Amino acid sequence: MPRAIFVHEWALAEGVISTILTVAKKKDAKEITEAEIKIGCLQQIDENIFTTAFRELVKHTPLEKTKIKLKNEEAYFKCRTCELEWNLTNTTNALGREESEAIHFIPELAHTFIRCPRCGSPDFAVTRGRGIWVEHIKILK
């Protein structure tokens, strides 16, 4: 696996950590006990690498003992030409390793590699399952 993929997950973990710390500060939290993180499947994040990065980056911070829960959100698309709705699972079998890796780094490239299964159009909207975000945190005041 290319080293750049590892760096990508680490950068995403840094962003999530920053978000959690910002919210915790605004809420005057003494401790953050749990964080639920949603991962859009279009992002194709390696959860093991992300978790390792998170754990390493939070050492000696208020998040060191925080339990993290990762939850996936399936990616869904809607064709702007024929209005078909479909999901990434139906598409990934047709994608090669290089295409999947390109989408991993730049999700906007999905339009280059994915086509509507009905009409073949590359003009579709990503309606769900893109990006990574903090869904919920539990704090102690």
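Numbering (the working numbering), first residue to last: 2 to 142.
Cβ coordinates follow ideal geometry from the N, Cα and C atoms, glycine included.
Quantities reported herein were computed from a predicted structural model and do not represent experimental measurements.
Just grab the DSSP bridge partners of residue 41 for me.
Beta-bridge annotation (DSSP): residue 41 is paired with 74.
Please classify residue 141: is it buried, with 16 or more other beta-carbons within 10 angstroms of its beta-carbon, or exposed?
Looking at its Cβ environment, which holds fewer than 16 other Cβ atoms inside 10 Å, residue 141 is exposed.
Below 9 Å between beta carbons: does that hold for residue 78 and residue 107?
No, the pair does not count as a contact, with Cβ atoms beyond the cut-off.
Which residue or residues does DSSP assign as beta-bridge partners of residue 87?
Looking at the DSSP output, residue 87 shares a beta bridge with 78.
For residue 138, the three-state DSSP class (helix, strand or coil):
Residue 138 sits in a strand when the DSSP states are folded into three classes.
Among 10, 55 and 63, which residue has its Cα nearest to the Cα of residue 45?
Considering only alpha carbons, the answer is 10.
Would you check if the segment 67-82 and the segment 123-133 touch, i.e. whether three or more CB-CB distances between them fall below 8 Å?
Contact holds: three or more Cβ-Cβ distances are below 8 Å.
Rounded separation between residue 103 and residue 130 - CA only
Using only the alpha carbons, I get a separation of about 17 Å.
Tell me the residue span of the beta strand (DSSP E) that contains residue 129.
Unbroken beta strand (DSSP E) run through residue 129: 125-129.
Sufficient close CB pairs (3 or more, under 8 Å) joining the segment 37-54 to the segment 13-25
At 8 Å Cβ cutoff, the stretches touch.
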